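Chemist:
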Amino acid sequence: MTDQQIIDTQQVVINVFKGFRQELLSVYGNIEHTSKADHSPVTVYDVKVEETLKAALMEASPDTGFEGEETGASGNRDTYWLVDPIDGTSSFIRGLPFCTNMAALVTDGEVVAAVVYDFVNDVLYTARKGHGAFKNGQKMSVNTARRAGNFVVYSLTRKNFGLLQEAMAEIGVRLLLPMGAAGHDYVMLAEGKIDGVIVLNSLTGLHDNAPGMLLVEEAGGAMLSFDDKKGVYRHEFIVGSPAVVDLIERSGLL
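Right, here's the structure in full:
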């Protein structure tokens, strides 16, 4: 895709997400749900947002594929939009402000554009590879001022959390379990409110991680992989400010 095509289809995503805001807020904290096979909750709006976005993208760019958390993959697998229509469905159901709409454009396994929309607070996060990351049009940056002893890293992994937390404390990193969902955690990192996000043997999927990974990268963050996967397919990694990633790499803890 050309840069202009990326910009145009990214705007389609933004328009669909923003177009659902009032409808989502009207049922925020007061909506029925069912459970999927993995026991995670799903609402009619998870499906409605995804299907509406899929139709809009197929009309705007029929040669671009689509993969949604709720409806699966279709079309081009070299270039496709990877979508989580409501990240943090549990928060959405309970009326907690940790839910977002998320999408990432993947080309040859690399994320080249991302949209994360905090519909509760009407805050839009966007990124294009090589062009920076933005919050409501204002450029974002990871925090480069904090040093060891003040680092806060969120873990998207609960297995052996206590042991990992103790090990991190020894090198001056405070490891916490986040209150929200992945999209919320990544934007907090990209705008400098926390210093890292670590993913090890996590239940998070590609749709959970891909948009935030690009936002953090374009906000000046660094990544350290712990597996042999590439690009969007990485499953075990830490993203964060260059200082905290360097500290963890040098420590040899992971």
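Counting from 1 along the sequence shown, just add 17 to a position and that's the residue number in my numbering.
Glycine included, each C-beta is placed from N, C-alpha and C at the ideal position.
Note that the coordinates shown come from a computational prediction; the quantities given were computed from them, not determined experimentally.
#1: Determine contact between the segment 73-82 and the segment 188-197, defined as no fewer than three beta-carbon pairs at a distance below 8 Å.
#2: Relative to the C-alpha of T143, which residue among V137, N153 and Y45 is closest?
#3: Taking C-alpha atoms, which residue in A162, I110, R164 and D263 lies nearest to H50?
#4: Which residues share a DSSP beta bridge with T51?
#5: Does the distance from the C-beta atom of V159 to that of A236 stay below 8 Å?
#6: Going by the beta-carbon positions, is the gap between K53 and V59 smaller than 8 Å?
#7: On the three-state DSSP scale, how would you describe I110?
#8: Is the Cβ-Cβ distance between G238 and V170 less than 8 Å?
#9: Reducing DSSP to helix, strand and coil, say where F34 ends up.
#10: Count the other CB atoms within 10 Å of the CB of R251; is the residue buried (16 or more) or exposed (fewer)?
#11: To the nearest angstrom, how far is the alpha carbon of A265 from that of V133?
#12: To which residues of the same chain is E208 closer than 7 Å at the C-beta, ignoring the five residues directly before and after it?
#13: Report the residue from A130, G126, V261 and L41 whose alpha carbon sits nearest the alpha carbon of N167.
#14: Would you mind stating whether Q136 and R38 have Cβ atoms separated by less than 8 Å?
#15: Between A199 and G229, how many whole angstroms is the CB-CB distance? I'm expecting something under 8 Å.
#16: Closer than 7 Å to a non-hydrogen atom of the ligand FMN - does that hold for the CB of L223?
#17: Tell me, which residues are paired with M75 by DSSP?
#18: When you compare the CB positions of V216 and T174, do they come within less than 8 Å of one another, or not?
#19: What is the residue span of the beta strand (DSSP E) that M196 lies within?
#20: In angstroms, rounded to a whole number, what distance separates the CA positions of I103 and A186?
#21: For Y134, does the three-state DSSP call read helix, strand or coil?
Modeler: Reading it off the structure:
#1: Because the criterion of three Cβ pairs below 8 Å is not met, the segment 73-82 and the segment 188-197 do not touch.
#2: Looking only at V137, N153 and Y45, the smallest Cα-Cα distance to T143 is reached by N153.
#3: For H50, the closest C-alpha among the options A162, I110, R164 and D263 is that of I110.
#4: T51 pairs with V59.
#5: Yes. Within cutoff.
#6: Yes, the Cβ-Cβ distance between K53 and V59 is below 8 Å.
#7: Shown here, I110 sits in a helix according to DSSP, grouped into three states.
#8: No, they are not a contact pair.
#9: For F34, the secondary structure class from DSSP, reduced to helix, strand or coil, is helix.
#10: R251 is buried by the Cβ-count criterion.
#11: Sequence check: residue 265 is Ile here, not Ala. Going from the Cα of I265 to the Cα of V133 covers about 27 Å.
#12: Only residues of its own chain outside the window of five on either side were considered, and among them K152 and M157 have a CB closer than 7 Å to the CB of E208, listed in chain order.
#13: The option with the nearest alpha carbon to N167 is V261.
#14: In the sequence on display, residue 136 carries Phe and not Gln. Yes, the Cβ-Cβ distance between F136 and R38 is below 8 Å.
#15: Indeed, because the Cβ distance is near 6 Å, the residues count as touching under 8 Å.
#16: Among the components modelled here there is no ligand, and therefore nothing to report on the ligand FMN.
#17: None, per the DSSP bridge assignment.
#18: Closer than 8 Å, so yes.
#19: Segment: none, M196 is in no beta strand (DSSP E) and carries neither H nor E.
#20: Between I103 and A186, the C-alpha separation is close to 33 Å.
#21: In this structure, Y134 counts as strand in the three-state DSSP scheme.
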